[in-house]
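*Asks:* Input: one structure, supplied below.
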Amino acid sequence: MDMSPVLKQAAEAYLKEGPRLLMADMMELAELYRHVSGHQNLRVRLEKITTDSCRKFHVDCVDLRLLRTYVGPGVQWTGDEGRTVQEAPTGAVVFLKGKHFPGWDDAEKILHRSPPLSKRPVAERVRLLLTIDEANACADAPFDMVA
């Protein structure tokens with residue numbers, strides 16, 4: 001495929017800026033998380049996922065979690081023990097309350113999981129996932145597995 005010089009220049013400029021733009025977005029989301037949660041010290045993870053990493057619906061042992069899928073399918077969630085499954089669009093910012101959220105009520109829980117990748121075409125079996133929690137989140141805490 002022969003790209004026009006203008007299109008090629010634009011594509012190269014975008015690719016060079018990609019890491020900087022990703023970092024800027026992550027920093028903005030960290031500030032958003034700080035504002036919403038009140039936490040100042042954060043744990044920020046950016047993961048490339050190529051397996052069915054977290055396939056059971058669960059609630060995390062955190063107070064609040066921010067997720068954004070940059071590449072691949074977004075997080076799946078359900079409010080009815082897995083009978084109806086919703087999927088966040090790629091790029092959506094998702095806040096999930098965990099068991100340690102103030103005033104937590106099991107009756108109002110939203111369960112979530114990573115979307116199964118093994119059933120997708122090989123080219124679609126990858127996700128780039130940002131997770132932001134409070135700094136001491138998940139210190140050897142078990143999940144509340146449901147399905």
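Quick note: the sequence shown, position 11, residue 11 per UniProt numbering, numbers continuous. Beta carbons are placed, not taken as given, at the ideal position from N, Cα and C, and that holds for glycine. The structure presented is a predicted model; accordingly, all values stated were derived computationally and were not measured.
Assign Ala-118 to one of two classes, buried (16 or more other C-beta atoms within 10 Å of its C-beta) or exposed (fewer than that).
*Replies:* Before going further, note that residue 118 is Ser rather than Ala in the sequence given. It is exposed - the Cβ of Ser-118 has fewer than 16 other Cβ atoms within 10 Å.
*Asks:* Could you give the distance in angstroms between the alpha-carbon of Gln-40 and the alpha-carbon of Ile-132?
*Replies:* 12 Å
*Asks:* Please state the DSSP three-state secondary structure of Lys-109.
*Replies:* Correct three-state label for Lys-109: coil.
*Asks:* Quick check on the DSSP output: the beta strand (DSSP E) that includes Val-71 runs from which residue to which?
*Replies:* Val-71 -> beta strand (DSSP E) spans 64 to 71.
*Asks:* Counting pairs of Cβ atoms below 8 Å between the stretch 35 to 54 and the stretch 83 to 92, do you hit three or more?
*Replies:* The stretch 35 to 54 makes no contact with the stretch 83 to 92, as fewer than three CB pairs between them are under 8 Å.
*Asks:* Starting from the C-beta of Ala-137, find all residues in its chain whose C-beta is less than 7 Å away, skip the five residues before and the five after it, and write them out in chain order.
*Replies:* Arg-43, Val-62
*Asks:* Give every residue of the same chain whose Cβ lies closer than 6 Å to the Cβ of Ile-110, excluding the five residues on either side of it in the sequence, and list them in chain order.
*Replies:* Trp-77, Gly-79
*Asks:* Within 10 angstroms of the Cβ of Leu-130, are there 16 or more other Cβ atoms? Answer buried if so, exposed if not.
*Replies:* buried
*Asks:* Rounded to a whole number of angstroms, what is the C-alpha to C-alpha distance between Lys-97 and Leu-128?
*Replies:* 21 Å
*Asks:* Could you compute how far the alpha carbon of His-100 sits from the alpha carbon of Glu-108?
*Replies:* Each residue's Cα considered, the two are about 14 Å apart.
*Asks:* Relative to the alpha-carbon of Leu-29, which residue among Lys-48, Pro-19, Leu-67, Glu-17 has its alpha-carbon at the smallest distance?
*Replies:* Leu-67
*Asks:* Please report how far the alpha carbon of Gly-103 lies from the alpha carbon of Arg-65, in whole angstroms.
*Replies:* Taking the straight line from one Cα to the other gives about 16 Å.
*Asks:* How would you label Gly-18, buried or exposed, when you count the other beta carbons within 10 angstroms and need 16 or more for buried?
*Replies:* exposed
*Asks:* Leaving out five residues before and five after Gly-74 in sequence, what residues of the same chain have Cβ atoms less than 6 Å from its Cβ?
*Replies:* Glu-87, Ala-88, Pro-89, Thr-90, Ala-92
*Asks:* Assign Val-122 to buried or exposed, taking buried as 16 or more other Cβ atoms, counted over all protein chains shown, within 10 Å of its Cβ.
*Replies:* Exposed is the call here.
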